[in-house]
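See structure below.
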Amino acid sequence: MPRIARAQAEQALDERKDQIKRAALKVFAEKGLAGTKMSIIAEEAGISQGLSYRYFESKDEIFTLLVEEAIEESQNAIRNIQQLPGSPLEQLRTFTLQLLDENHKHYFLLVQQAQKSEGVPRRAKEAIERYSPQETIELLIPIFVRGQQEGQFAEGDPYRRLILFLSVVTGLMLQDAKAIGADWTQEVDRLLNILTK
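Counted the way the UniProt record's numbering counts, the sequence shown spans residues 1 to 197.
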């Protein structure tokens, strides 16, 4: 096979896999691991069930890949918060809106299911166990400290303020999966008002 044709075939393969994974992410977020079947994923992706098996052996394989992607995506977003433009308040606002976008919310719901559901594939469980919530706290605390030093955030223990913030964001992310896609700007602004008063 000529090199160009091979590259095009690989690109088509990658695009189809991504199409299936996007569909699976939505289905897993709405139905959970136990309530999801390959036939439902295929239907959501707009392909036949048989074709879905050409790309993935099982729903467990897709679930595991998505959990690993979700954790990596989350860690990258948290690590990059300091590089966002603007003041600490603006950085936190941008970061929070990113967390509440459709893909991040689906990823969050997926990780929640992986942590709590029965029958989760071993590799997905191992990925969850490697994830450190303490790292998240350590990466976000400097934003809160700097925000207080610059007079943008209210005084008080930055750790406790961060936990409050994360608790509210978690609550917003756990909203009904069917409501995902809503504009969260007003809710985020209300949350940030709590931190600044």
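From the three backbone atoms N, C-alpha and C, an ideal C-beta is built for every residue, glycine too.
Applying the 10 Å Cβ sphere with the 16-neighbour rule, what's the burial state of residue i?
{"i": "Gly147", "result": "buried"}
{"i": "Ser52", "result": "buried"}
{"i": "Gln113", "result": "buried"}
{"i": "Gln8", "result": "exposed"}
{"i": "Ala177", "result": "For Ala177, the predicted structure reports a pLDDT of 45, less than 50, and the residue's modelled location is therefore unreliable. The matter cannot be settled from this model."}
Going by alpha carbons, who is nearest to residue i out of the options?
{"i": "Phe144", "options": "Leu109, Ile163, Phe56, Ile20", "result": "Ile163"}
{"i": "Ile47", "options": "Leu89, Lys125, Ala23", "result": "Ala23"}
{"i": "Ile137", "options": "Pro121, Ser117, Tyr159", "result": "Tyr159"}
{"i": "Glu68", "options": "Leu92, Leu140, Gln115, Arg3", "result": "Gln115"}
{"i": "Ala45", "options": "Phe63, Leu25, Gln175", "result": "Leu25"}
{"i": "Ile71", "options": "Asp183, Pro2, Glu126", "result": "Glu126"}
{"i": "Val188", "options": "Phe108, Ile141, Leu97", "result": "Leu97"}
{"i": "Pro133", "options": "Gly119, Asp101, Ser167", "result": "Ser167"}
{"i": "Phe63", "options": "Val27, Asn80, Arg79, Arg161", "result": "Val27"}
{"i": "Pro121", "options": "Asp14, Lys59, Leu192", "result": "Lys59"}
{"i": "Pro88", "options": "Glu61, Ala154, Ala34", "result": "Ala154"}
{"i": "Val111", "options": "Lys197, Ser39, Leu65, Leu195", "result": "Leu65"}
{"i": "Lys105", "options": "Glu43, Gln149, Gly50, Glu73", "result": "Glu73"}
{"i": "Lys197", "options": "Gly171, Arg161, Glu10, Trp184", "result": "Arg161"}
Since residue i and residue j are thought to touch, with beta carbons under 8 Å apart, how far apart are those beta carbons, to the nearest angstrom?
{"i": "Arg6", "j": "Tyr55", "result": "So it is not a contact: roughly 18 Å between Cβ atoms."}
{"i": "Met173", "j": "Leu99", "result": "7 Å"}
What three-state label does DSSP hand residue i in the structure shown?
{"i": "Asn80", "result": "coil"}
{"i": "Tyr159", "result": "helix"}
{"i": "Tyr55", "result": "helix"}
{"i": "Tyr107", "result": "helix"}
{"i": "Ile180", "result": "Only weak support exists for where Ile180 lies, its pLDDT of 49 falling under 50; the coordinates are left without a value."}
{"i": "Thr185", "result": "helix"}
{"i": "Lys26", "result": "helix"}
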